[in-house]
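A.B. asks: Numbering (my numbering), first residue to last: 627 to 1476. I'd like to ask some things about the structure below.
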């Protein structure tokens, strides 16, 4: 949770305006950063004429906030300490009343065990010492009448070891009656005359009963005075409630200081980090530490008064058990906070959700009615929604193919129906993509599509289910899980961010160099933490740059687009960078090693990245606002043993994957090696079950559905039949021309649907066509097609990085990019990368032996 929200949720509601204005300080920091960048961009003569000292400006605002907090604390502390003194004084009077009562012997046995909680068991000397301790420790009021009473009590010379109980039998003599009346009148007078709200409430609730009892009590004789017992018990309950209320106030005062101290520290830390200053240590020690509210003496005095309140409650409620008293008071404090702030928390969380909902639905259409009328019949609106209509149309087409066969072989016709339905569901997103993937094995088994390779007969439903599920959980899925594990560790422990900021800190302040560095970082991160998480991390790193640029500046658009396009390029660099690469591995026999993949993908991606960078510089010329940009500061975090351990595990896993073919006699398929990071990172507890649950299981389900569809198509013979038809059309064409034709086709398909869906649909077909050619090169065609899936980035919806980029907004909520600006740069960038893959990529794949 951000500190600004934490401050709002934990602040005392009545004091909310008296806390540090952390949001204003944060906003001022960014404003000073922007002014500093603009000042550095001016010529030397202008810079001299303009007085610009961000540290002095920030310090002035801090001083104003400190003065506000110091003044409020001083006033509030005095009031709460006075409340504690009043309670302590009244407690001494109550104990004096007990000391003046008749002293029972063990033979009296009048006070029952279940009544002793009303009247704490105390000796006369204990009451006297308590009173003196209070007077000496508090150093405030209460040393007058209370002290005199206690001195008189000492003069009485009661036995220190004797137990003093309140008398239920009235002793004879008028002296006791006068003392009783005096204490009662003082008690009532204190509550009626005290202006504080707490006693006002007590006065309203008890003025009738207590007042009458005090003024009209009869002289006691030898009989039990029940009225006196009730009055004493009520007095004790009042003291306990008042003590609890004062403890709550003291605890809130302590929380007030702690929250404000944390706010100052965080504001100063952000200021130092943003403007590269060192104000925090100086201000915290020389200014904040010497103020009254934040001084060590004030903290110790507050802790001492809290201890006094706990001690008093122990005397009143727990028979001097301070530990139990502290536990009870903390429980009451918790109940008080939950009760008092429940509405505040609920309202603030509601506002937060409404705010998020506003940004999420600002372009949505008004909510449709629950029912609509069709030909006078009222039907649920969900039945005629666009998604429902898509599902009905595709389902009708599916059943039409089943009932009116297109192909002569029934199993192939059934498989064709499943392929068309799944492709349309994926392309139109009538249902979530992973739902369609999970529907595929159900249809494959029910329609008995798999064919036994030995007997050439259709499998039974039982055999088909065993076959299809055994294929879905394959080595490729294990590689995907291993990649997710590495990505989770690198991001959870900030290793990716530390490396990224270290690289960016060396880029300087030249806009073109900074843009290229950001694109390189995005590409590099996409290799290891996927091109879903990489752009999100890079945009957070670029925020200090974006904040300082003028509204509508072209360089800001170049940064947003550059990170998105570079993340797409990064999706082709390593086998675990994107789901389409995993699908490509499944369709390549034998699967390429990591060394082979890097040999092709790294040069291709490097050249493509440079061409896109040049294109962005040409189409987004740097304006005045980008002439000087702030220097990105390296992260202050240092590598610990955990960081080095994760790096060793990550590098070791990648090395094992690189030599997977050499290790195949010992460990089998590459997916077995993916278990290494899972065990080494989850085993010691570096990653938890929550991290495992946060894996992109929808992507895993999507890949499993694609594998199931591919196995069904190949087992039924449909893929071979389609490949023969297409092979007849491309007969006579060279391998290079076939790659150009299918490459452009998959580039187009992947632009309009997601990269993963395009790979699921096209890669099995491309593999089959490559196998049917006179000079078979299926791995080359599959590799080229997989790289081109990542190169499809012409539309805002073409991939995860594009979706993230189009949603980026400035501080005013205005999008950095429009659909037009995205298409005008995305489509040419896709064509540039397509040409690189068709030229340099083709040469490298031929050299590697694909």
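Think of the CB as a built atom: it goes at the ideal place given N, C-alpha and C, for glycine as much as any other residue. What you are looking at is a predicted structure, and each value in this text was computed from that prediction instead of being measured.
Please list, in chain order, all residues of the same chain as residue 1044 whose beta carbon is under 6 Å from its beta carbon, the five residues on each side excluded.
C.D. replies: Here the set comprises 1069.
A.B. asks: Let's test the definition: count the other Cβ atoms within 10 Å of the Cβ of residue 1040 and tell me whether it reaches 16, buried, or not, exposed.
C.D. replies: Classification for residue 1040: buried.
A.B. asks: Is the stretch 1099-1118 in contact with the stretch 1296-1314, if contact means three or more CB pairs nearer than 8 Å?
C.D. replies: The answer is yes - the stretch 1296-1314 touches the stretch 1099-1118, with three or more Cβ pairs under 8 Å.
A.B. asks: Helix or strand or just coil, what does DSSP make of residue 770?
C.D. replies: Because residue 770 carries a pLDDT of 36, less than 50, the predicted location of this residue cannot be relied on, and no value is offered for it.
A.B. asks: Go ahead and label residue 1250 buried or exposed: buried means 16 or more other beta carbons lie within 10 angstroms of its beta carbon, across all protein chains shown.
C.D. replies: Its pLDDT being 46, under 50, residue 1250 is placed unreliably in this model, and the coordinates cannot settle the point.
A.B. asks: Can you give the Cα-Cα distance for residue 1171 and residue 1316, rounded to whole angstroms?
C.D. replies: Their Cα atoms are separated by approximately 34 Å.
A.B. asks: Whose C-alpha, out of 719, 1046, 1149 and 956, is nearest the C-alpha of residue 1027?
C.D. replies: Closest by alpha carbon: 1046.
A.B. asks: Only counting the same chain, and skipping five residues up and downstream in sequence, which positions put a Cβ closer than 6 Å to that of residue 1383?
C.D. replies: 1052, listed in sequence order.
A.B. asks: Would you list the one or two residues that DSSP bridges to residue 1077?
C.D. replies: Its beta-bridge partners are 1084.
A.B. asks: How big is the Cα-Cα spacing for residue 1228 and residue 1151?
C.D. replies: Approximately 14 Å between the Cα atoms of the pair.
A.B. asks: Should residue 1375 go down as buried or exposed, given a rule of 16 or more other Cβ atoms within 10 Å for buried?
C.D. replies: Per the 10 Å Cβ criterion, buried.
A.B. asks: Identify which residue in 1023, 1100, 1020 and 895 has its Cα closest to the Cα of residue 1294.
C.D. replies: For the residues 1023, 1100, 1020 and 895, the minimum Cα distance to residue 1294 belongs to 1100.
A.B. asks: How far does the alpha helix (DSSP H) with residue 1271 in it extend, from its first residue to its last?
C.D. replies: Residues 1267-1284.
A.B. asks: I'd like the list of long-range same chain contacts for residue 1312, defined as Cβ closer than 6 Å, with 5 residues on each side in sequence excluded.
C.D. replies: There are no such residues.
A.B. asks: Excluding sequence positions up to five away, which residues of its chain have a Cβ less than 8 Å from the Cβ of residue 1304?
C.D. replies: Excluding positions up to five away in sequence, the list reads 1107, 1108 and 1111.
A.B. asks: To the nearest angstrom, report how far apart residue 1467 and residue 1373 are at their CA atoms.
C.D. replies: Computed Cα separation, rounded: 15 Å.
A.B. asks: What's the call for residue 811, buried or exposed, on a 16-neighbour Cβ count within 10 Å?
C.D. replies: Because the pLDDT at residue 811 is just 41, under 50, the model does not fix this residue reliably, and the value given afterwards should be weighed accordingly. So residue 811 ends up on the exposed side.
A.B. asks: Using the beta-carbon count (16 or more within 10 Å), is residue 1292 buried or exposed?
C.D. replies: That one is exposed.
A.B. asks: Taking 8 Å as the cut-off, decide whether the C-beta atoms of residue 1144 and residue 1195 are in contact.
C.D. replies: No. Outside cutoff.
A.B. asks: For residue 867 versus residue 942, is the C-beta distance shorter than 8 Å?
C.D. replies: No, they are not a contact pair.
A.B. asks: Should residue 689 go down as buried or exposed, given a rule of 16 or more other Cβ atoms within 10 Å for buried?
C.D. replies: It is exposed - the Cβ of residue 689 has fewer than 16 other Cβ atoms within 10 Å.
A.B. asks: Report the rounded CA-to-CA distance for residue 1348 versus residue 1038, giving the unit in angstroms.
C.D. replies: For residue 1348 and residue 1038, the distance between alpha carbons rounds to 10 Å.
A.B. asks: Identify which residue in 1124, 705, 1385 and 1160 has its Cα closest to the Cα of residue 1428.
C.D. replies: Nearest of 1124, 705, 1385 and 1160 to residue 1428, Cα basis: 1160.
A.B. asks: Could you tell me which of 1404, 1456, 1421 and 1139 sits nearest to residue 1475, measuring between CA atoms?
C.D. replies: Out of 1404, 1456, 1421 and 1139, 1404 has the C-alpha closest to the C-alpha of residue 1475.
A.B. asks: What residue does the alpha helix (DSSP H) around residue 1019 start on, and which one ends it?
C.D. replies: That run of the alpha helix (DSSP H) goes 1012-1029.
A.B. asks: Is residue 1434 closer than 8 Å to residue 1165 when the C-beta atoms are compared?
C.D. replies: In this structure, residue 1434 lies closer than 8 Å to residue 1165 by Cβ.
A.B. asks: Once you ignore the five residues that flank residue 914 on each side, which residues in its own chain have a CB closer than 8 Å to its CB?
C.D. replies: Cβ neighbours of residue 914 beyond the five flanking positions: 692, 887, 890 and 920.
A.B. asks: Determine whether the beta carbon atoms of residue 870 and residue 928 lie at a separation below 8 Å.
C.D. replies: Against a cut-off of 8 Å, the Cβ pair of residue 928 and residue 870 comes out as no contact.
A.B. asks: Please identify the residue among 1356, 947, 884 and 1459 whose C-alpha is closest to the C-alpha of residue 637.
C.D. replies: It is 884 whose Cα lies nearest to the Cα of residue 637.
A.B. asks: List the DSSP bridge partners of residue 1441.
C.D. replies: Its beta-bridge partners are 1435.
A.B. asks: Identify, in the order they occur along the chain, each residue of the same chain with its Cβ nearer than 8 Å to the Cβ of residue 1340, setting aside the five sequence neighbours on each side.
C.D. replies: Around residue 1340: 1346, 1390 and 1394.
A.B. asks: Report the rounded CA-to-CA distance for residue 916 versus residue 906, giving the unit in angstroms.
C.D. replies: Cα to Cα, the separation comes out at about 14 Å.
A.B. asks: Which full runs of the alpha helix (DSSP H) of 4+ residues lie inside the stretch 921-968, going along the chain?
C.D. replies: The stretch 921-968 contains these whole alpha helix (DSSP H) runs: 922-943.
A.B. asks: In three-state terms, what does DSSP make of residue 670?
C.D. replies: Its pLDDT being 46, under 50, residue 670 is placed unreliably in this model, and the coordinates cannot settle the point.
A.B. asks: State the start and end residues of the unbroken alpha helix (DSSP H) segment that holds residue 1318.
C.D. replies: Looking at the DSSP string, the run of the alpha helix (DSSP H) that includes residue 1318 is 1315-1319.
A.B. asks: Note down the Cα distance separating residue 1359 from residue 1279, rounded to an integer number of angstroms.
C.D. replies: Between residue 1359 and residue 1279, the C-alpha separation is close to 41 Å.
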